[in-house]
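Written below as structure tokens is the structure these notes are about.
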Ligand code: HMG
Ligand code: MG
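Residue numbers (full-length UniProt numbering): 11 to 310.
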């Protein structure tokens, strides 16, 4: 049976804007986030407290967070790779953070300047201290469905990486198809493998994060829901991509997901037209066509 409700974890302001060539003004980012919350999204990943030279697009994290409604209706998580990032996030008053691990050696080096094994030593104090401070801590795992340098990625390696992060104290895992190569059967295999080691697939402990490089994101989202997943990541208008992942394009578009959920009779809490209007506005700011088919169909 399908779930009654699916939680949408919106990543447009972070995954979307980290990958744009131009730097979006802080005031525009703030308006983007406020409009997403007004459209009904209850989790909107706002920015990243990473090294500003690594992701200059999000170098204004402190300035942005200072302008956000941190005690409003929505949770506004931020990415933190290490203790320096956590210190910055705590000083800014953030209540929800996310670490981001790699399931592969090459991407750990390229994205984190670390190794598959030593990344855990970087995350451990972040997760422990954030939990002690009462924060929610999500943990991403990237390259779970394939890696541009290493090719196929063993499911065991994905599960081991994810399990280590949960054992540290992370409250939710997000399984990332960073380069969008996954297909629905692979989604089912990964869900089964996590369920097999006791991870709460149907409780929201496991989320999934699809990029749409090969046009599979919406099919994969359906497969995830059919396999019990109740939290899915998506990006308004289909913005997104990782500057350190070759061949990564936009995320599953939030509008496409909302359209499908509505059709399936699954609650999501989002006002689709407000969301479409927001993505059309943002595409105009960025000077590009919206990637989402639903946005193109519904724009006025
Ligand atoms: P590093 O150069 O190895 O850092 O980078 P370090 O620990 O050696 O420190 C070097 C200097 O940087 C020090 O300063 C630190 O204080 C400073 P110095 O003493 O030389 O003056 N520093 C910092 N400054 C500000 N904020 C910080 C910070 N950390 C160190 N947080 C590091 C290691 C992890 C920092 C770097 O590799 C990094 O910032 N990487 C981030 C890359 C990134 O943001 N990628 C995109 C997000 S992941 C993604 O998109 C995938 C996802 O969507 C899921 C999916 O699709 O699969 C989540
Ligand atoms: Mg991503």
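Positions of the beta carbon are idealized from the N, C-alpha and C atoms, including for glycine.
As the structure is a computational prediction, the values presented were derived from the model and not from experiment.
- Closest by C-alpha distance to residue 243, out of 234, 253, 218, is 218.
- When beta bridges are read from the DSSP output, residue 112 appears opposite 152.
- The criterion of a C-beta distance shorter than 7 Å is not satisfied by residue 261 and residue 196.
- In terms of Cβ geometry, residue 247 and residue 300 form a close pair [threshold 7 Å].
- Residue 220 is bridged by DSSP to 187.
- In this structure residue 39 is buried. Its beta-carbon is surrounded by 16 or more other beta-carbon atoms within 10 angstroms.
- Relative to the Cα of residue 283, the nearest Cα in the group 160, 308, 211, 297 belongs to 308.
- Taken from the Cβ of residue 187, every heavy atom of ligand 2 lies 6 Å or farther away.
- Annotation for residue 58 indicates a beta carbon within 6 Å of some heavy atom of ligand 1.
- About 6 Å separates the CB atoms of residue 107 and residue 87; that is less than 8 Å, so the two are in contact.
- Set against 6 Å, the gap from the CB of residue 177 to the closest heavy atom of ligand 2 is not smaller.
- Residue side-chain check: residue 122 places its Cβ nearer than 6 Å to a non-hydrogen atom of ligand 1.
- Distance from the CA of residue 213 to the CA of residue 166, rounded to the nearest whole angstrom, comes to 22 Å.
- Contact between residue 43 and residue 267 does not hold, since the beta-carbon distance rounds to 18 Å and is not under 8 Å.
- In the structure shown, the three-state DSSP call for residue 261 is strand.
- If you keep only unbroken beta strand (DSSP E) runs of at least 3 residues inside the segment 68–114, you get 106–112.
- For residue 229, DSSP assigns no beta-bridge partner whatsoever.
- The Cβ-Cβ distance between residue 22 and residue 249 falls below 7 Å.
- Annotation: residue 25 is outside any alpha helix (DSSP H) and is labelled neither H nor E by DSSP.
- Spatial neighbours of residue 126 in its own chain (CB-CB distance under 6 Å, excluding positions within 5 residues in sequence) are listed in chain order as 115, 118.
- Straight through space, the alpha carbons of residue 215 and residue 24 are spaced by roughly 21 Å.
- Distances taken from the Cβ of residue 220 to the heavy atoms of ligand 1 include none shorter than 6 Å.
- For residue 25, the distance from the CB to the nearest heavy atom of ligand 2 is below 6 Å.
- For ligand 1, a non-hydrogen atom lies closer than 6 Å to the CB of residue 65.
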